[in-house]
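Chains as they are written, first to last, in this note's numbering: chain A, 1 to 109; chain V, 110 to 564.
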Amino acid sequence: MREILLNDIAHGRSGDKGDTSNICVFARKPEYYEIIKREVTPERLHNFFGDMVKGEIIRYEVPSLGGFNFVLKHALGGGATMSLRLDSLGKSMGSAIMRLKIHVKDEEL
Amino acid sequence: MKKIAIGGGQGFWGDSPDAAIHMIHNADIQYLACDYLAELTLSIMAKQQLKDPSKGYAPDFVTRLLKAAGKTAWERNIKILTNAGGMNISGCVDAIRQYATEENMKGYKIGYVTGDDIKSKIPQLLKDGWTFPNFDYEGDFTDIVDKIYNCNAYIGHEGIQSAIEDGADVVVTGRAADSALFLAPLAYEFGWKDNDWDNLARGIMAGHLLECGGQGAGGNYMYDWRSVPQMENLGFPIAELTDKTFEITKAPDCGGVICEQSCKEQFLYEVLDPANYLTPDVNVDISNATITQVGDNRVRIDHIHGKEKPDTLKLCVGYHKGWKTVSMLSFAWPDAYEKARYCADIIMKKMKQKGMKADDVHISFIGLNSLHLNVADMSEEALKNLNECVMRIAVFSEDKNECAKIIPEISPMQLNGPPGASFFGGRARVQEVMALWPTSVPREAVEIKSHIITI
């Protein structure tokens, strides 16, 4: 087993709907899909983001696109003009998630 | 087989018109749709209109796009659809009329669609028992009803389609759903019925891939941003549909990239449940969709399905929430972060002495953790080598005067705080905070009307 960053095997983009952030995450190669499915769970993301994300985290699987859609509620400090954050729309949530450390077997890469 | 091509000309109010102008001159398209409205844009427009009744729409549509290429679009028979009308559809129509008259575009037809603004109907709806439940937070709508700037329903494609049927060369709406601008011409051209859910869903996803402009063609592209050719001439995406196929491409002779990965990133952007992407026109299911490269800068989209549209329309309500101010001060190596942190502590102690009553304070450090917050790298190694760091303190208060108390306390820190502080950008301002009340309204409460005038 070794530790890598999600950034090594995935790409994605984040958007906003009010105080909800959506982050789509896609496997850079088809075989990485299962790794992401195993490693990037809502529970792990709750621990990872901590109080940055105050609400529920839901994961939707979209295997036909080799990706996932993560919906993070109450995640933008109020959203839009309400938020006091520099990135009130969560444009950088897509890169923030890529810092997640994940564990893979050597033969999986 | 009949093929219709439609371009995405604008991603938001303030976006560059360059790609749309290039497309009008160079692309083989029949329609161009331009989205100007983000979630809170209408509140900003409503506020502008209160100060000056001639404002409240996106004038750039006329001053930056039509003036540069509106006549060419008309000559090439490219119809333009836009929600640039915002809160002041008639103001936008007047500006277009004036432009077309000056350009001597006799016979030019301007269509517009009204009915999305239902602010005046709120008292009656409340009397009828509609509670405007907040989808995200607890709360009672009657508590904010006096503070509302705008109350607009996200309307679907029907009104826009009527204007196209009546021969409009340009169609202006207020809060039409972004994707409805794109669906309308497709439903018109292919004769899709209002319950042809699969086809309506395809049209919506064409709009979804195009409504953010450059983001659908290699802009904001995480997969391989270095590989995107000529970002200085970034093309915006074009959807080409037949009754059976749906492809995305871009105009000739421009930058950008259309590939599986670039389309995927936009495909799920701002989607919640992929099996139930709710729009006013159809409930879209993209949970089994596929994106396949079929040519140079050309992908094909398949397996999109649609289900019956929702009973209610999403309502965009913007209201006054309070005030905020953001202050910044920069520090340099060595110990840039430590100094910035120390300075923020001093300022907050001072604010306590002065009795500032803030409802919320957010402190972050630009160059370190202002974007990634909790998950930024704050290791000793990252901090040790930091060249510079900007302290940022944001304050929210329902009371404007409380919010303003921090402003004069920042620049004195250059002489009275840790070494090397540099103040920039002038004194901070207090800005109004507007908030969204995400809710819905019965379809019957919204009367959509389509109009047309001829120059």
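The C-beta atom is built at its ideal place from N, Cα and C for all residues, glycine as well.
Helix or strand or just coil, what does DSSP make of V/Q119?
-> In this structure, V/Q119 counts as strand in the three-state DSSP scheme.
Residue ranges of each alpha helix (DSSP H) within the segment 260-345 of chain V, 4 or longer = Listed in chain order, the alpha helix (DSSP H) elements of length 4 or more contained wholly in the segment 260-345 of chain V are 267-274, 289-299 and 306-319.
Range of the contiguous alpha helix (DSSP H) that encloses V/A441 = Following the DSSP letters along the chain, one finds V/A441 in no alpha helix (DSSP H) but inside the beta strand (DSSP E) bounded by residues T421 to A441.
A/G55 and A/L76 closer than 7 Å at C-beta = The answer is no: Cβ separation not under 7 Å.
V/N192 bridges to which residues according to DSSP?
-> In DSSP, V/N192 forms no bridge with anything.
Quick one: which residues of the segment 442-468 of chain V get their C-beta closer than 8 Å to a C-beta of chain A? List them in chain order.
-> Shown here is that no member of the segment 442-468 of chain V has a Cβ falling below 8 Å from a Cβ of chain A.
If you scan the segment 21-102 of chain A from start to end, which runs of the beta strand (DSSP E) of 3 or more residues do you find wholly inside it?
-> Those beta strand (DSSP E) runs which fall completely within the segment 21-102 of chain A and span 3+ residues are 57-62 and 67-72.
Give me whichever residues DSSP pairs with V/T548 in a beta bridge.
-> Beta-bridge pairing by DSSP links V/T548 to V/L424.
Compare the beta carbon distance of V/A286 and V/P168 with 7 Å and say whether it is the shorter of the two.
-> No; because the gap between Cβ atoms is not below 7 Å, this pair is not in contact.
Hey, would you say A/C24 sits closer than 7 Å to V/L377, going by beta carbons?
-> In contact: A/C24 and V/L377 (Cβ atoms closer than 7 Å).
At a CB-CB cut-off below 7 Å, which residues of chain V make contact with A/L5?
-> Around A/L5, no beta-carbon contact reaches into chain V at under 7 Å, the shortest distance being about 11 Å.
Cβ neighbour criterion (16 or more within 10 Å) applied to V/F440 = That one is buried.
Could you confirm whether any beta carbon from chain B is found closer than 7 Å to the beta carbon of V/Y208?
-> Absence of chain B from the displayed structure is noted, the protein chains being A and V.
Reference V/K112; option with closest CA among V/T351, V/I367 and V/A360 | Per the Cα distances, V/T351.
Let me know if V/T401 comes out buried or exposed under the rule of 16 or more other beta-carbons within 10 Å of its beta-carbon.
-> Here V/T401 is exposed, its C-beta having fewer than 16 other C-beta atoms within 10 Å.
Flag this pair as yes or no: are the beta carbons of V/T434 and V/V499 separated by less than 7 Å?
-> Not in contact: V/T434 and V/V499 (Cβ atoms no closer than 7 Å).
Do V/E356 and V/E349 have their C-beta atoms closer together than 7 Å?
-> V/E349 sits close to V/E356, with the two beta carbons spaced by under 7 Å.
Please name the residue in V/A293, V/G118 and V/A129 whose C-alpha comes closest to that of V/R311.
-> Looking at the Cα atoms, V/A293 is the closest of the given residues.
Starting from V/A132, follow the beta strand (DSSP E) in both directions and report where the run begins and ends.
-> The sequence shown places Met at residue 132 of chain V, not Ala. Not the beta strand (DSSP E): V/M132 falls in the alpha helix (DSSP H), residues D127 to N135.
Could you give the distance in angstroms between the alpha-carbon of V/S479 and the alpha-carbon of V/L438?
-> Each residue's alpha carbon lies about 14 Å from the other.
Counting only runs that start and end within the segment 361-407 of chain V, where is the beta strand (DSSP E) found for 3 or more residues in a row?
-> Within the segment 361-407 of chain V, the runs of beta strand (DSSP E) that reach at least 3 residues and sit entirely inside it are, in chain order, 392-394 and 399-404.
List the residues of chain A whose Cβ lies closer than 9 Å to the Cβ of V/H134, in chain order.
-> None at all; the shortest Cβ gap to chain A is about 30 Å.
Test: A/G90 CB closer than 7 Å to a CB of chain V = With its beta carbon at least 7 Å from every one in chain V, A/G90 lies outside the interface.
Please classify V/K230: does DSSP put it in a helix, a strand, or coil?
-> Helix.
Kindly say whether V/K215, judged by its beta-carbon, lies nearer than 7 Å to any beta-carbon of chain A.
-> Chain A contact via Cβ: absent.
Among V/D278, V/Y166, V/D144 and V/E212, nearest to V/T563 - alpha-carbon criterion | Of the listed residues, the one whose Cα sits closest to V/T563 is V/D278.
Where does the unbroken beta strand (DSSP E) through V/I205 begin, and where does it stop?
-> That residue, V/I205, is in no beta strand (DSSP E); its alpha helix (DSSP H) goes I198 to E211.
From V/V555 to V/Y221, what distance separates their C-alpha atoms?
-> Roughly 16 Å between the two C-alpha positions.
When the distance is taken between beta carbons, is V/V539 closer than 7 Å to V/G431?
-> For V/G431 and V/V539, no; Cβs fall outside 7 Å.
According to DSSP, which residues form a beta bridge with V/Y633?
-> Within the shown structure, residues of chain V are numbered from 110 to 564, placing residue 633 of chain V beyond reach of any answer.
Which of the residues in the segment 326-341 of chain V, read from start to end, lie with their CB under 7 Å from any CB of chain A?
-> Correct list: N329, M331 and Y332.
Determine, using beta carbons only, whether V/L151 comes closer than 7 Å to chain A.
-> Against chain A, the CB of V/L151 has no partner CB under 7 Å away; the residue lies outside that interface.
Which residues DSSP lists as bridging V/D411, in chain order | According to DSSP, which records beta bridges pairwise, V/D411 is partnered with V/T399.
Per-residue DSSP class, three states only, for V/D469 = In the three-state scheme derived from DSSP, where H, G and I count as helix and E and B as strand, V/D469 is classed as strand.
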